[in-house]
Amino acid sequence: MEIHDDKDMFLASYGGQLTAAPYERHGTPLVRDDSGIILERDIHIWTDGSAKDNGLETCTAGAAWTSDLTFHDEVSLAGIPLSNNVAEVAAVVLCLQAWRSAHIVVHTDSTLVLDLVGGGLLAMERDGWRDTPRHFSMGTPTGLKKTLLHLLRDRSGRLAFQKAKAHADDVSNNLADHLANQGRLFGRVMCIDNVALPSLWVDSAPVLAHQPLDYITKMVVQQFVPSPTTTVKFSRFSDRWVVAMAGLFNEVLDPGHYIANVWKINIPLKFQETLWKEMNNMLTLGHRYHGRSDSGRFCRCRTEMSLNHILLGCRKYVLRGLQAVLLERLRRISPSLPSRSLHPDEWGHSPWFPLLALKRLEQGKFYPSKSLRSPNEALSLSRPVREWLIGNYFWQIWKWRMKEIHDTSFNFIPILLEKTLASVLDAAPPVPSAKERTCMRDWKKARDASSDGTAHEQCTAPLENRPVKTKAVPMESRKAGILRALTDGAYD
Ligand SMILES: [Zn+2]
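Rendered as C-alpha cells:
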C-alpha cells in the first residue's frame, strides 16, 4: 500500500490550517491504496518522557510524541512530584489528548505504561486507587493515571500499544527521545496538577461489578437483609415481649431498640445464642425436637417443652430452692430501691425478658440516695453483676435440663444441685465501686483512643487491682454487627 499526499489531504480537510498540534478536532487522514479506494490507516506514534535528576526534588521533566505523519508535540512538565515514570505516562496522555478519533498505534519504551494500559489501570480502579494517598490532588501520579484511563475510554478510533526498544536504532523512538529532552528545556508548560478529568468516567472508590463497594454493601443490607424486628419469625417474639414489658413495668418499649441487647448483656455467650434462637423461634424443643426419646418434646408434667417452661419450673420440677440461691446473692449486691427489675422472682412467665432492657427500665425513676451521686449510679454499678448472676442461673438450669434430655443416666433433681449452683454463682465478679468504675471507664476510653496500648499508663491504679471485666465477650458475628447497625439506625 502506498500513501499519497496524506499530509496535504489532512490539511485540506481542516481548511489548510494547522497549528503546532491538532488538539480539539482530529480526523483520520484518508489514504489511497493502489486501486484508488479510500481507506483509513493506522497512524504510528512514538511517545517518550525525559527526566533530569529523576527522583529528586529538583527533577525537571519533559514529555513528547512524534508520528509518522511528521506532526509532533513536546511539553515541559510542571507539578509535583515529577519523575521519569510520570513523564512517560504524561507523554501518552499528551498523545491521546491529541489523537482522540484517529486509529493509532502507540510505541513506547516504558514498561510502566504498558503495564498500566494492559490491565493495571483497571485493577487500580477496581481496588480504589490505593497505591497513592487519596488526599493528594489530581496532579499526582494517581490523577495522571485516572486521566489516562479516561482517555483510553473516551475515544472513537482504534488504539494499540507496542513496545519500542529504548536507545536502539529505532529512528522514530530516538526522535521522540530527543523531542522529550527539547520539551523539558524549551517546551510549553503542561501542568500535571491541572489535567482535566470529567466526572463519571473513572470510579474513585473500589468497585465490584462496576459498582462502588460502599454502594453495594448498602444495597445488600437494605434490600436483602430484613431487619429481624420486621420478619414474621420475629414478630411472635416481639409482640410477646412488648406485652410482657407493659404488664410487668407499665412501659411500652420498642423491641427494635432492645433485641440486639441480647449480644451486649453480661450472660454466658452460649446462653446469648440460646436466647437468640428462642427469639427466632428456632430452639429444637417441643414439637421441633427430633430425638428418639420424648424427653425433649414433653416435660415430665406432659407440658410441651420450651425454654420458658424449663426456666420457670413446674409442679414436677420445683425450682424454688435454686431460685433462693440466686435471690440470696442478688440481695447482697442490689441497692435497696423500689425497682421491680431487681426481683427476677417477680418477672412472671417470661423470666428472662427484662434482661434485654434492664438499663432502660432502671433509668431515672427513683429518688436520689444519699450515699451515691444518684440511684442510677447504684443500679448501673451492680447491673452487670446482676445480669451475670441471673444469666448464669438460667444457663445452669438450661444445661442440667439438656443433660437430662440427652443423657438418660442423669436425673435433674433441683434440691441436689443447690450447692453446685451456689458455687457457680459465688464466682461472680465483685460490684465495682463508683471510683473503680470511673477508672475503668477512663481506661477504656484511653484504650479506645490509642490502639498501641500505651494508654494503659494513663490510669493510676495497677491493672490487676481493677475490677474484673464482667461483660461477656460480645459475639462479633456478622449477624450481630448488622443487627447493631440496624438498631443504631446506621442504615436508615
Ligand atoms: Zn413441666
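Quick note: to get this note's numbering, add 2 to the position in the sequence shown (first position is 1).
Quick reminder that beta carbons are idealized off the backbone N, C-alpha and C, glycines included.
Since we're looking at a predicted model, the values are computed, not measured.
So what does DSSP say about residue i, is it helix, strand or coil?
{"i": "valine 77", "result": "strand"}
{"i": "proline 214", "result": "strand"}
{"i": "tryptophan 278", "result": "helix"}
{"i": "serine 382", "result": "helix"}
{"i": "glycine 51", "result": "strand"}
{"i": "phenylalanine 1", "result": "The chain is shown from 3 up to 494; residue 1 falls before or after that span and cannot be answered."}
{"i": "cysteine 441", "result": "helix"}
{"i": "isoleucine 45", "result": "strand"}
{"i": "alanine 474", "result": "Summary for alanine 474: the model assigns pLDDT 46, below 50, so the residue's position carries little reliability; its value from the coordinates is reported in the next sentence. Three-state DSSP puts alanine 474 in coil, outside helix and strand."}
{"i": "threonine 62", "result": "strand"}
{"i": "arginine 498", "result": "Summary: the structure shown does not reach residue 498, with the chain confined to residues 3 through 494, and so no result is reported for it."}
{"i": "valine 244", "result": "helix"}
{"i": "valine 234", "result": "helix"}
{"i": "tyrosine 291", "result": "coil"}
{"i": "histidine 259", "result": "helix"}
{"i": "lysine 165", "result": "strand"}
{"i": "histidine 408", "result": "helix"}
If distances are taken between C-alpha atoms only, which option among the options comes closest to residue i?
{"i": "arginine 362", "options": "His351, Leu381, Glu348, Gly185", "result": "Leu381"}
{"i": "tryptophan 243", "options": "Gln365, Leu328, Leu357", "result": "Leu357"}
{"i": "alanine 125", "options": "Val204, Gly81, Ala63", "result": "Val204"}
{"i": "asparagine 86", "options": "Ala63, Leu329, Ser435", "result": "Ala63"}
{"i": "proline 434", "options": "Ile45, Ser384, Leu423, Leu321", "result": "Ser384"}
{"i": "valine 95", "options": "Glu76, Ser336, Ile392", "result": "Glu76"}
{"i": "asparagine 263", "options": "Ala359, Arg439, Pro386", "result": "Ala359"}
{"i": "alanine 53", "options": "His180, Asp129, Ala104", "result": "His180"}
{"i": "serine 411", "options": "Ser297, Ser308, Arg342", "result": "Ser297"}
Using the Cα positions of residue i and residue j, report the straight-line distance between them to the nearest angstrom.
{"i": "alanine 93", "j": "serine 112", "result": "10 Å"}
{"i": "arginine 1", "j": "histidine 169", "result": "No statement about residue 1 is possible, as the shown extent of the chain runs from 3 to 494 and does not include it."}
{"i": "arginine 102", "j": "alanine 448", "result": "57 Å"}
{"i": "lysine 272", "j": "valine 254", "result": "29 Å"}
{"i": "glycine 288", "j": "asparagine 282", "result": "15 Å"}
{"i": "lysine 318", "j": "proline 257", "result": "33 Å"}
{"i": "aspartate 216", "j": "glutamate 127", "result": "14 Å"}
{"i": "threonine 2", "j": "glutamate 275", "result": "No answer is possible for residue 2: it lies beyond the span of the chain, which begins at 3 and ends at 494."}
{"i": "isoleucine 45", "j": "leucine 118", "result": "21 Å"}
{"i": "valine 387", "j": "arginine 439", "result": "13 Å"}
{"i": "threonine 144", "j": "arginine 155", "result": "17 Å"}
{"i": "cysteine 97", "j": "lysine 446", "result": "58 Å"}
{"i": "leucine 309", "j": "leucine 321", "result": "14 Å"}
{"i": "serine 575", "j": "histidine 105", "result": "Absent from the model: residue 575. The displayed extent of the chain is 3 to 494, so no value can be given."}
{"i": "tryptophan 402", "j": "aspartate 444", "result": "40 Å"}
With a threshold of 8 Å between beta-carbons, can residue i be considered close to chain D, or not?
{"i": "isoleucine 392", "result": "No chain D appears in the structure shown, which is made up of a single protein chain."}
Do residue j and residue i have their beta-carbon atoms positioned less than 8 Å apart in this structure?
{"i": "phenylalanine 396", "j": "tryptophan 354", "result": "yes"}
{"i": "alanine 246", "j": "glycine 350", "result": "yes"}
{"i": "histidine 109", "j": "glutamine 184", "result": "no"}
{"i": "glutamate 1", "j": "leucine 329", "result": "Residue 1 lies beyond the stretch modelled for the chain, which goes from 3 to 494, so this question has no answer here."}
{"i": "alanine 436", "j": "glutamate 364", "result": "no"}
{"i": "threonine 68", "j": "leucine 187", "result": "no"}
{"i": "alanine 182", "j": "glycine 51", "result": "yes"}
Could you give the C-beta distance for residue i and residue j, rounded to a whole number, given that I count them as a contact under 8 Å?
{"i": "valine 197", "j": "leucine 146", "result": "6 Å"}
{"i": "proline 346", "j": "isoleucine 392", "result": "5 Å"}
{"i": "tryptophan 400", "j": "isoleucine 312", "result": "6 Å"}
Does ligand 2 have a heavy atom nearer than 7 Å to the CB of residue i?
{"i": "tyrosine 260", "result": "Summarising the ligand content, the structure contains ligand 1 and does not contain ligand 2."}
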